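These notes concern the structure reproduced below.
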């Protein structure tokens, strides 16, 4: 049952932003094919290397992506570190305390930046890494469409309704139906 819940939540976290956006906007696949042609390959190689070191990384990155998408849309804000005690980041949220994988994404971002400085967004790098992690974990490989200039703020969820890591399937089902 836990495996089924995990797969359902992974699919929702990864595909929901794409399905919602596709209904309202014209999306373009291969957005970085001219701006930074090697971006997705760099992410693939870095995720593959991370998986060789730690086979739990795919689950960690998928969960990280889920938490990023669930609260306020796909913006990579879950990766931001707190710079002031007056302005805590999403990483300081109780729901996000146990997240693993930001260090992997930081390393991937550094590699992409070395190749194409200031070109590929952290949100897109996290999306590519989640897609590649899904595939590495035995799931499907899918394209990630993007709209130029769109910031991916799709959700208006708050931290108070984010599912707990120990929630039952029935509780999570209720949360996702809100």
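Numbering (mature numbering (1 follows the signal peptide of the UniProt record, and there is no 0)), first residue to last: -21 to -1, 1 to 157.
Every residue gets a Cβ at the ideal spot worked out from N, C-alpha and C, and that includes glycine.
Here the structure is a predicted model, which is why all the values come from computation and not from measurement.
Through-space distance from residue j to residue i, alpha-carbon basis
i	j	result
residue 34	residue 111	13 Å
residue 2	residue 120	Because the pLDDT of residue 2 is 49, which lies under 50, any placement of that residue in the model is unreliable, and the question is left without a value.
residue 106	residue 58	12 Å
residue 192	residue 61	The requested residue 192 is not part of the displayed model; the chain covers only -21 to 157.
residue 147	residue 153	10 Å
residue 74	residue 66	17 Å
residue 71	residue 114	29 Å
residue 11	residue 47	22 Å
residue 24	residue 102	18 Å
residue 124	residue 118	18 Å
residue 54	residue 104	10 Å
residue 56	residue 18	20 Å
Whole-angstrom C-beta distance between residue j and residue i, which should lie under 8 Å
i	j	result
residue 87	residue 26	7 Å
residue 39	residue 80	4 Å
Buried/exposed call for residue i, threshold 16 Cβ in 10 Å
i	result
residue 52	buried
residue 37	buried
residue 100	buried
residue 150	exposed
residue 82	exposed
Which listed residue (the options) has its alpha carbon closest to that of residue i
i	options	result
residue 15	118, 122, 97 and 102	97
residue 84	65, 28 and 123	28
residue 13	54, 72, 95 and 47	95
residue 76	108, 42, 18 and 17	42
residue 89	22, 69 and 39	22
Where in the stretch 21 to 58 do unbroken runs of the beta strand (DSSP E), each at least 3 residues long, occur, reported from the N-terminal end onward?
-> The stretch 21 to 58 contains no whole beta strand (DSSP E) run of 3 or more residues.
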